[in-house]
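Undergrad:
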Amino acid sequence: MQDSIITEWTDENAGVVYRVSEKLEDFPTDVHHVEVYDTPAFGRVLRVNGHLLTAENDEWIYHENLVHPAALSHPEPKRALVLGGGTGGSARQLLKYDSIERVLIGELDGFLVDTVRQHFEKIHQGAFDDARLEIKLGDANEWINNIEEQFDLIVLDLVGYAEKAEGFYSRAFFERCRALLTDNGVLALSLGSPQRHSGAFVDRHTALQEVFTTVVPYLVPLSLHGGLWGMAIARRNDASGNLTADEVDSRLRSRAVGQLEYYNGAVHAGQQALPNFVAALLAPPTRSR
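To convert, note that position 274 of the sequence shown is 274 in the UniProt record's numbering; the numbers rise steadily by one, no gaps.
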């Protein structure tokens with residue numbers, strides 16, 4: 001398979017192409033089609049239902065920026081719920097906090113988790129074996145309504161444009177997430193690409209604003225997914241406020257969160273400075289007189 005390629009379509013009109021060194025897995029489960037490849041550019045990659053889910057050589061860009069802005073904005077996160085998260089990358093970042101007592105991963109497909117355990121140790125780094133972590137299998141859209149515990153953090157670790165993920169971006173689902181958060185609780189999620197998925201990007205941001213007190217969008221360059229990507233933290237209350245670059249660095253030190261490849265205080269501040277076209281997308285509509 002020396003000359004094989006895989007294509008990642010970012011929308012119906014554009015995509016990116018990656019050369020494949022070797023195909024390691026290619027099989028259907030009850031709910032997914034799972035593929036694992038070795039690639040020269042990104043190392044080992046995981047493809048689910050025709051979309052690249054993660055790659056070992058740059059997953060830290062996604063997971064660090066998804067988890068730490070939310071976790072650091074909370075005064076002392078102890079309990080976290082990760083929906084999706086079958087790669088273990090978000091859990092690995094959360095478990096860096098000594099204050100974290102429990103991480104519950106809600107993953108649809110146990111076969112996907114087994115595949116990650118076998119092929120992607122560089123990503124999960126043993127997180128699945130941490131005593132603080134529990135994996136609950138099944139459709140979170142169903143069992144989330146029966147959860148009685150509350151969480152300081154909820155992380156939606158999902159492929160932003162996959163059809164199976166759309167149910168996790170509705171106003172009703174955000175309202176359920178808000179009900180599961182503690183008073184200072186924070187939701188973290190991706191919004192999709194403001195260039196390739198501008199409609200979904202705006203709709204998700206709008207739905208968040210209708211449910212949460214404070215919504216902070218920010219941008220991350222995800223080369224695996226073709227470019228600029230939107231993320232957001234949504235706070236149940238505004239008690240924690242926005243963090244400055246110095247505050248981010250201070251909290252990273254005081255909470256002994258290390259071994260970060262990408263995220264720091266300067267990055268945190270910079271990625272919240274929205275380009276003009278993104279600010280225009282998210283601006284409230286002008287009412288005519």
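Glycine included, every Cβ here is placed at the ideal spot set by N, Cα and C. As the structure is a prediction and not an experimental result, all values here were calculated from the model.
1. According to DSSP, which residues form a beta bridge with residue 246?
2. Check for me: the beta strand (DSSP E) holding residue 292 runs from which residue to which?
3. For residue 111, which residues in the same chain have their Cβ closer than 6 Å to its Cβ, ignoring the five residues on either side in sequence?
4. Tell me whether the region 202–219 and the region 163–182 touch, counting them as touching only if at least three CB pairs, one residue from each stretch, are closer than 8 Å.
5. Please work out which residues of its chain come closer than 7 Å, Cβ to Cβ, to residue 223, disregarding the five sequence neighbours upstream and downstream, and give them in chain order.
6. Any Cβ of chain C within less than 7 Å of the Cβ of residue 109?
7. Can you tell me which of the three DSSP states residue 208 falls into?
8. Return the CA-CA distance between residue 65 and residue 220, expressed in angstroms with no decimal places.
9. Go to residue 298, then tell me how far its beta strand (DSSP E) extends in each direction, as first and last residue.
10. Evaluate the contact criterion for the region 224–234 versus the region 188–203: three or more CB pairs, one atom per stretch, below 8 Å.
11. According to the Cβ coordinates, are residue 157 and residue 237 closer than 7 Å?
12. Among 270, 203 and 214, which has the Cα closest to the Cα of residue 281?
13. Does DSSP put residue 42 in a helix, a strand or coil?
14. Under three-state DSSP, which class holds residue 54?
15. With a threshold of 7 Å on Cβ separation, who are the neighbours of residue 39 within its own chain once the five nearest residues in sequence on each side are excluded?
16. Measure the Cβ-Cβ separation of residue 154 and residue 81 and say whether it is below 7 Å.
17. When you compare the CB positions of residue 67 and residue 99, do they come within less than 7 Å of one another, or not?
18. If you run the structure through DSSP and keep just helix, strand and coil, what is residue 283?
19. Which runs of the beta strand (DSSP E) spanning at least 3 residues fall entirely within the region 43–122, listed in chain order?
TA: Quick look at the numbers:
1. Among the bridge pairs identified by DSSP, residue 246 is matched with none.
2. The chain is shown from 1 up to 289; residue 292 falls before or after that span and cannot be answered.
3. 29.
4. In short, these stretches touch, since the Cβ pair count reaches three.
5. Only residues of its own chain outside the window of five on either side were considered, and among them 58 have a CB closer than 7 Å to the CB of residue 223, listed in chain order.
6. Chain labels in this structure do not include chain C; a single protein chain is all it has.
7. Looking at residue 208 - three-state DSSP - the assignment turns out to be helix.
8. The straight-line gap from Cα to Cα measures roughly 7 Å.
9. Past the boundaries of the shown model lies residue 298; the chain is included only from 1 to 289, so the question cannot be answered.
10. These segments touch.
11. The beta carbons of residue 157 and residue 237 sit no closer together than 7 Å.
12. Relative to the Cα of residue 281, the nearest Cα in the group 270, 203 and 214 belongs to 203.
13. Residue 42 falls in the coil class under three-state DSSP.
14. It is a strand residue.
15. Closer than 7 Å at Cβ, skipping near neighbours: 18, 19, 20, 21 and 45.
16. Going by beta carbons, residue 154 and residue 81 fall inside the 7 Å limit.
17. The answer is no: Cβ separation not under 7 Å.
18. Note: residue 283 maps to coil in three-state DSSP.
19. Counting only runs of 3 or more, we get 43–48, 51–55, 79–84 and 102–107.
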